[in-house]
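Novice: Structure in structure tokens, see below.
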Amino acid sequence: MKLDKEEIQKIVLGALLLIGVVYSYFDLLLGPLTKRAETTEIAVNALGPEIANAKGQIAKTQQLEKDTPSLLLPMRQAEAMIPEGAPVAWFPTRITEFFKKEGIDRASTRMTGESVEKELPGFRKISWGVDLPKVEFVNFGQAVAALENEEPLLEITALQIDASRDDVEAQHAFLTVNNLVKQ
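Take 1242 as the starting number for the sequence shown in this note's numbering and just add one per residue.
This is the structure:
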């Protein structure tokens, strides 16, 4: 069998076409696909630590959600002990009534400052000065002890007692107290 010139050209052209198709497949189709797969694999491997970190964060969040009711209990108890309204309206009268109940007739209270409570969000501390112009030492000591026991959100930070030579039985007392209130 003898091939003529046209048939040889067709065979050579077919072979060139086959080589072109194979080259195009590997270089133009399979090459970019392989590069894309490699970059995707690198990106997925880079996400591994982030995924592990996110799983740890999810576990912490779930534990916090589980512990939330027990952590909110002290805050709810503190909120229940704080009267509604502005502290300037209820605290001075509360202290005056308390000391009258304890046998100390005159007490004046004024606000001296306030600060945000960092450990309890939603609360702040207000500093008050309580002036007791005439107190007997024993009654005053009992009143201070009762004040600390009956008012758990109150903290006595300073206490000053002055005795006068004119009236030995009566002293002048000044308390500095911090009170926890809602923000």
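Positions of the beta carbon are idealized from the N, C-alpha and C atoms, including for glycine. Here the structure is a predicted model, which is why all the values come from computation and not from measurement.
Please report the straight-line C-alpha distance between Phe1381 and Ile1345, rounded to a whole angstrom.
Specialist: Residue 1381 sits at position 140 when you count from the first residue of the sequence shown. Residue 1345 sits at position 104 when you count from the first residue of the sequence shown. One C-alpha to the other measures close to 8 Å.
Novice: Roughly how many angstroms separate the alpha carbons of Val1329 and Thr1353, rounded to a whole number?
Specialist: In the sequence shown, residue 1329 corresponds to position 88, counting from 1. In the sequence shown, residue 1353 corresponds to position 112, counting from 1. When rounded, the distance between both Cα atoms is 11 Å.
Novice: Report yes or no: do the stretch 1401-1419 and the stretch 1304-1311 share at least 3 C-beta pairs separated by less than 8 Å?
Specialist: Cβ pair count under 8 Å is below three, so no.
Novice: What span of residues does the alpha helix (DSSP H) with Ala1330 cover, start to end?
Specialist: The sequence position of residue 1330 within the sequence shown is 89, counting from 1. Where Ala1330 is concerned, the enclosing alpha helix (DSSP H) stretches over 1328-1342.
Novice: Mark Ile1336 as exposed unless 16 or more other C-beta atoms lie within 10 angstroms of its C-beta, in which case mark it buried.
Specialist: Numbered from 1 along the sequence shown, position 95 holds the residue referred to as residue 1336. Per the 10 Å Cβ criterion, buried.
Novice: If I measure Cβ to Cβ from Glu1358 and keep anything under 7 Å in the same chain, skipping five residues before and after, which residues do I get?
Specialist: Your numbering for residue 1358 matches position 117 in the sequence shown. If we look at Glu1358 and ignore the five residues flanking it on each side, its Cβ neighbours are Phe1364, Arg1365, Lys1366, Leu1421.
Novice: Assuming Phe1369 and Arg1351 are in contact, meaning their beta carbons sit under 8 Å apart, how far apart are those beta carbons, in whole angstroms?
Specialist: Taking the sequence shown and counting its residues from 1, the one referred to as residue 1369 is at position 128. Taking the sequence shown and counting its residues from 1, the one referred to as residue 1351 is at position 110. Looking at the sequence shown, residue 1369 is not Phe but Trp. Between Arg1351 and Trp1369 the Cβ distance is about 7 Å, and since that is below 8 Å, they are a contact.
Novice: Quick one: grab the DSSP three-state call for Gly1370.
Specialist: Translated into the one-based positions of the sequence shown, residue 1370 becomes position 129. Gly1370: strand per DSSP, three-state reduction.
Novice: Following the continuous alpha helix (DSSP H) through Asp1308, name the residue where it begins and the one where it ends.
Specialist: Your numbering for residue 1308 matches position 67 in the sequence shown. Where Asp1308 is concerned, the enclosing alpha helix (DSSP H) stretches over 1272-1322.
Novice: From this set, Leu1271, Gly1297, Val1371, which residue's C-alpha is nearest Thr1398's C-alpha?
Specialist: As a first step, residue 1398 is located in the sequence shown; it is residue number 157 there, counting from the start. Per the Cα distances, Val1371.
Novice: May I ask you to list the residues that DSSP assigns as paired with Phe1364?
Specialist: Numbered from 1 along the sequence shown, position 123 holds the residue referred to as residue 1364. Per DSSP, Lys1423.
Novice: Along the chain, where does the alpha helix (DSSP H) containing Ala1386 start, and where does it finish?
Specialist: Within the sequence shown, numbered from 1, the residue matching residue 1386 stands at position 145. Per DSSP, Ala1386 belongs to the alpha helix (DSSP H) from 1378-1391.
Novice: Can Glu1410 and Glu1389 be called in contact, C-beta distance under 8 Å?
Specialist: By 1-based counting over the sequence shown, the position of residue 1410 is 169. By 1-based counting over the sequence shown, the position of residue 1389 is 148. Not a contact, by the Cβ cut-off of 8 Å.
Novice: Quick one: grab the DSSP three-state call for Val1409.
Specialist: Taking the sequence shown and counting its residues from 1, one reaches residue 1409 at position 168. DSSP places Val1409 in coil when its eight states are reduced to three.
Novice: Name the DSSP bridge partner or partners of Val1211?
Specialist: Residue numbering for the chain in the displayed model covers 1242 to 1424; residue 1211 lies beyond these limits and cannot be assessed.
Novice: Just to confirm, is the Cβ distance from Pro1315 to Arg1347 under 8 Å?
Specialist: For the purposes of this step, residue 1315 is identified with residue 74 of the sequence shown, where counting begins at 1. For the purposes of this step, residue 1347 is identified with residue 106 of the sequence shown, where counting begins at 1. In this structure, Arg1347 does not lie closer than 8 Å to Pro1315 by Cβ.
Novice: So the candidates are Tyr1266, Phe1339, Glu1355; which of them puts its Cα closest to the Cα of Ser1349?
Specialist: On the sequence shown, position 108 is the one that residue 1349 refers to. Ranking Tyr1266, Phe1339, Glu1355 by Cα distance to Ser1349 puts Phe1339 first.
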